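Under the UniProt record's numbering, think of the first position of the sequence shown as 1, with each following residue one higher.
Note that the Cβ used here is the ideal one computed from N, Cα and C, for glycine as well.
Every value quoted in this text rests on a predicted model; they were computed, and no experiment measured them.
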Amino acid sequence: QSSENPPAPSCLSQVASCPSPEDVRPLEKAGPRKETTNGRKKRKSSILTDTPVKEQLRLEQEMAKQKRIKLEKTQQSKGTTNLKSVKKGLFKNKSANAEKASRPST
Numbered sequence: 001q002s003s004e005n006p007p008a009p010s011c012l013s014q015v016a017s018c019p020s021p022e023d024v025r026p027l028e029k030a031g032p033r034k035e036t037t038n039g040r041k042k043r044k045s046s047i048l049t050d051t052p053v054k055e056q057l058r059l060e061q062e063m064a065k066q067k068r069i070k071l072e073k074t075q076q077s078k079g080t081t082n083l084k085s086v087k088k089g090l091f092k093n094k095s096a097n098a099e100k101a102s103r104p105s106t
């Protein structure tokens, strides 16, 4: 016997020449990660009975509240609606309409 490999059957050579699905349609590469623009502010734990820390936190909350109120006023003056209030109104109206529909009319 010779040291060479025996010839492969013809069906195996045909399978090897078939393109793989990745050759026909390669996998898509993932895009870059999205940067979040708004999220929770990271904080460290603190003792809120400590007056300077507590006062600073209270001031930050007041500033955020004033900013939110100012934004709502400008939206109202421009005539734009807040999406959250619209959604709340829709759900309230649906429940009221469902109650009216379930009542028998006299």
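Going straight from the alpha carbon of E72 to that of E60, what length do you get? Residue 72 sits at position 72 when you count from the first residue of the sequence shown. Residue 60 sits at position 60 when you count from the first residue of the sequence shown. Roughly 18 Å between the two C-alpha positions.
I'd like to check one pair, L48 with K41: are the Cβ atoms closer than 9 Å? Taking the first residue of the sequence shown as position 1, residue 41 is located at position 41. Taking the first residue of the sequence shown as position 1, residue 48 is located at position 48. If you check the CB distance, K41 and L48 do not come in under 9 Å.
Under 8 Å from any heavy atom of the ligand FAD, does the C-beta of L48 make it? Annotation note on the ligand FAD: not contained in the displayed structure, which lists no ligands.
Could you check the C-alpha separation between N38 and P26 for me, to the nearest Å? Counting from 1 along the sequence shown, the entry for residue 38 is found at position 38. Counting from 1 along the sequence shown, the entry for residue 26 is found at position 26. One C-alpha to the other measures close to 35 Å.
Give the range of the alpha helix (DSSP H) segment to which K73 is assigned. Here residue 73 refers to the residue found at position 73 when the sequence shown is read from its first residue. Where K73 is concerned, the enclosing alpha helix (DSSP H) stretches over T51 to K78.
With a Cβ-Cβ cutoff of 9 Å, do S46 and L57 count as a contact? In the sequence shown, the residue the question calls residue 46 occupies position 46. In the sequence shown, the residue the question calls residue 57 occupies position 57. Cβ atoms of S46 and L57: closer than 9 Å.
Quick one: Cα of E22 to Cα of G31, how far? Here residue 22 refers to the residue found at position 22 of the sequence shown. Here residue 31 refers to the residue found at position 31 of the sequence shown. Roughly 19 Å separates the two Cα atoms.
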